[in-house]
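Chains as they are written, first to last, in this note's numbering: chain A, -10 to 182; chain B, -10 to 182; chain C, -10 to 182; chain D, -10 to 182.
Yeah, the Cβ is synthetic: ideal placement off N, Cα and C, and Gly gets one too.
Values in this document were obtained by computation on a predicted structure and should not be read as measured data.
Written out below as structure tokens is the structure these notes cover.
Protein chains: 4
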Amino acid sequence: MLETALRIFARDGFHNADVQVIADEAGVGKGTVYRHFGNKQELFLANSAHCMQMVDAFVRNRVGDEEKAAKLIAEVGPIAVLKKIAMACAEFYQKYPETVEIMIYERAEFRGSVPAHLMFRSETRNGIDELIKAGIAAGAIRHVNVNEATNAYGDLIFGSVINGCLAGAKAKLVRRMEHAIDIFLNGLAGDQA
Amino acid sequence: MLETALRIFARDGFHNADVQVIADEAGVGKGTVYRHFGNKQELFLANSAHCMQMVDAFVRNRVGDEEKAAKLIAEVGPIAVLKKIAMACAEFYQKYPETVEIMIYERAEFRGSVPAHLMFRSETRNGIDELIKAGIAAGAIRHVNVNEATNAYGDLIFGSVINGCLAGAKAKLVRRMEHAIDIFLNGLAGDQA
Amino acid sequence: MLETALRIFARDGFHNADVQVIADEAGVGKGTVYRHFGNKQELFLANSAHCMQMVDAFVRNRVGDEEKAAKLIAEVGPIAVLKKIAMACAEFYQKYPETVEIMIYERAEFRGSVPAHLMFRSETRNGIDELIKAGIAAGAIRHVNVNEATNAYGDLIFGSVINGCLAGAKAKLVRRMEHAIDIFLNGLAGDQA
Amino acid sequence: MLETALRIFARDGFHNADVQVIADEAGVGKGTVYRHFGNKQELFLANSAHCMQMVDAFVRNRVGDEEKAAKLIAEVGPIAVLKKIAMACAEFYQKYPETVEIMIYERAEFRGSVPAHLMFRSETRNGIDELIKAGIAAGAIRHVNVNEATNAYGDLIFGSVINGCLAGAKAKLVRRMEHAIDIFLNGLAGDQA
DNA sequence: CATGAATGAGTTTTCATTCAT
DNA sequence: TATGAATGAAAACTCATTCAT
């Protein structure tokens, strides 16, 4: 039911999606949808939240939970971990492009009332903040404003995902992200700049 | 009339905007709106296009047209120009945050049928491509894939604008962009990375 | 349109009435109904108010406006005028039984938010109050509590109208009222009571 | 369960009452309500009938059953008994104002399919008829049309109850009825009329 | 040309009723 | 027998679009 809603919302958008269609394709009565979610908006927001949990789980699976992540950072360094996270996002969204559409509708219709993107989640932000702080302390990262660096990192990922999943470009998000994150980490400027 | 529509669409979104309200606030009859734009979608798309022309004009005014731009590049170098363009965008969107909303609705509802962002415009892309190519030739920019670098540049600007204009953060887009573009150009990684 | 609504509301009741049906039978689009009345409740309340104006006009036509009424009272006395008013009501409701149903729905659904009966209208009440006061002064009416007497008078009329217009009894309201008002004015008790 | 239904129906009206709410507040499953009453209408009608039994019992308790009533009539006379009955009604409805609302909805939605008011019950009517007949025979009551007098008596009680229980006036029904029935029995007109 | 009243297709939402457990 | 999740018919209401004035 949530999966059907996800598909329909992603395909038609919030307003053009007809709850009747969602119910039909989910093989349940319309009343059942309303019984479970209360109204169309709640149904959509439940989708939004679900999407976010999915990215979160996907990325965590790549990077590891707490201890594993700490170990990874020690092994490969914060820069490599930042790259790993970005690439995990790219993989996820390339695999589930519908979630990108949900994210956009969420921003468009509800202006971020529920965070639909990993980087809008305070927990995630804190993690990135810590990572960057540690990187700076270790000399692996330049002396940048941590908060703004996290913003920039999130903005790049967000922008790449949104623009890399426009119709026709869907299959190339991973590659797009790879180049983008490389420039972000190492800089566009040449040595003599 | 277009300005009123811009305001209403930005405030209410495409579907929630009522053509009657736009007509009323513009001080014209509803029929007049339809006479001029054909239908609601065209009205919105006209707005989208108009927004793009406004950013375009604003940035051009900052950077200069053709010859002036060439001169500027020669003077300050391609890296500085890339920064100048990004900052011009930030200034513009901070000044006219409604256009950000239009851009998002355009992406959400019409999936980019009309480019509503500077970086979605092929003409702009070509300019950036040339700029980067020249920078590489001059050694000011690393040997990156030009097309992907342009993508990354656009994605970062897009992401910063969208996320920097969420309610509450509107006044800080310029600062946000400044940090973001600095990292993008010079890299997040420290010397010993 | 109002007349059609009156008929349908009277026939089906507030909730069972379908605005679509009203629109159809009135020969207009449903949107037109909503354009004019805002919503179903307003449409109904407009009916209520209209009914009251109709009774009011009918009774005034029988009794006369201000001066004429004063003249009539002087001629036939307050008791006869009270009877005349009650009979005018009976005649009206026997002629337009649908208005009785409206009155009941108004009381049931909206608990008298708009006075739907003549006797619920403060203007009318004041008139009756004056009439009774004058009657008492002239010795034609017993020394009763004026306010309560007006209540009682209104209650009797209301009760007779409601119960006299139940299905099957519609044609007999005038006769029913005649007996009722006679008892009310002259008393049920016999001389030796 | 019936008591809960009574409360909800009185508060919300027939259509606005939600069977789910009734079931919830009664602490039973919705299915149980349907098992017992068949459908919403039957549930309401059962309430109606129950209300009538309650007034009936209340009044009978005041006046006495058959023999007692006969004795009472002999003692105080038919006029006093008519007053006693009316006052008993007033007391009852002032004490249980929800039953008034039920009565109105019954009249509005079902047009008296089940008598919800004492005076709509043929048994009661017969009793009043007898009382009046006896009163006439004894000279305590004027030579009126018995059937119409019973009508008038019922109409006055009905009107007083309905109008005396509108929001705000609930506490004053007894007083209202006292004045009304006094006028009804003794007449509004003064001696010289 | 401009207008705005009329329209009705399209959607959301509710809730009485059923029936498998 | 009691339950309450599932259902879908029914209705209110909106608003883009048209077209007569």
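The CB of residue 133 of chain A comes closer than 9 Å to the CB of 168, 171, 172 and 177 in chain B, given here in chain order.
Shown here, residue 69 of chain A sits in a helix according to DSSP, grouped into three states. The three-state reading of DSSP puts residue 6 of chain D in coil, since its state is none of H, G, I, E or B. Beta-bridge pairing by DSSP links residue 170 of chain B to no other residue. Secondary structure of residue 129 of chain D (DSSP, three-state): coil. Between residue 138 of chain A and residue 121 of chain A, the gap from beta carbon to beta carbon is short of 7 Å. DSSP places residue 161 of chain A outside any alpha helix (DSSP H), giving it a letter other than H or E. Taking the CA atoms as reference points, residue 23 of chain A sits about 50 Å from residue 130 of chain A. Contact residues of the segment 136 to 157 of chain D toward chain C are 137, 138, 140, 141, 142, 143, 144, 145, 146, 147, 148, 149, 151, 152, 153, 155 and 156 (C-beta to C-beta distance below 8 Å). The beta carbons of residue 149 of chain D and residue 105 of chain D sit no closer together than 7 Å. A Cβ of chain A is located within less than 7 Å of the beta carbon of residue 68 of chain B. Under DSSP, residue 79 of chain D forms no beta bridge with any residue. Under the three-state reduction of DSSP, residue 35 of chain A is assigned to helix. Counting C-beta pairs closer than 8 Å gives fewer than three between the segment 165 to 174 of chain C and the segment 6 to 26 of chain D, which falls short of the contact rule.
Within the segment 77 to 109 of chain D, the residues whose Cβ lies closer than 7 Å to any Cβ of chain C are, in chain order, 93, 94, 96, 97, 98, 100 and 101.
Against chain D, the CB of residue 128 of chain C has a partner CB under 7 Å away; the residue lies at that interface.
Taking a Cβ-Cβ cut-off of 7 Å, the neighbours of residue 165 of chain A in chain B comprise 137 and 140, given in sequence order. The distance from the Cβ of residue -4 of chain B to that of residue 87 of chain B is about 6 Å, consistent with a contact at the 8 Å cut-off. In this structure, residue 176 of chain A lies away from residue 128 of chain B, with their beta-carbon atoms at least 7 Å apart. Taking residue 98 of chain A as the centre and dropping the five residues before and after it, the same chain places the C-beta of 3 closer than 6 Å to its C-beta, in chain order.
For residue 105 of chain D, the secondary structure class from DSSP, reduced to helix, strand or coil, is coil. Contact between the segment 41 to 54 of chain A and the segment 7 to 14 of chain A is absent: fewer than three C-beta pairs spanning the two stretches fall below 8 Å. Counting C-beta pairs closer than 8 Å gives fewer than three between the segment 56 to 68 of chain B and the segment 58 to 77 of chain A, which falls short of the contact rule. 7 Å or more divides the Cβ of residue 109 of chain A from the Cβ of residue 81 of chain A. Apart from sequence neighbours up to five positions away, the residues of its chain that approach residue 6 of chain B with a beta-carbon distance below 7 Å are -3 and -2, ordered along the chain.
Taking all protein chains shown into account, residue 83 of chain A has 16 or more neighbouring C-beta atoms within 10 Å of its C-beta and is therefore buried. Its chain contains 129 as the residues whose beta carbon lies nearer than 6 Å to that of residue 66 of chain C, once the 5 sequence neighbours on both sides are disregarded; these appear in chain order. For residue 20 of chain C, the enclosing alpha helix (DSSP H) stretches over residues 19 to 26.
One alpha carbon belongs to residue 64 of chain B, the other to residue 151 of chain A, and they sit about 35 Å apart. Per DSSP, the beta-bridge partners of residue 178 of chain A are B:130.
For residue 4 of chain D, a Cβ of chain C is located within less than 7 Å of the residue's own Cβ. Our two residues, residue 173 of chain C and residue 55 of chain C, have alpha carbons roughly 25 Å apart in a direct line.
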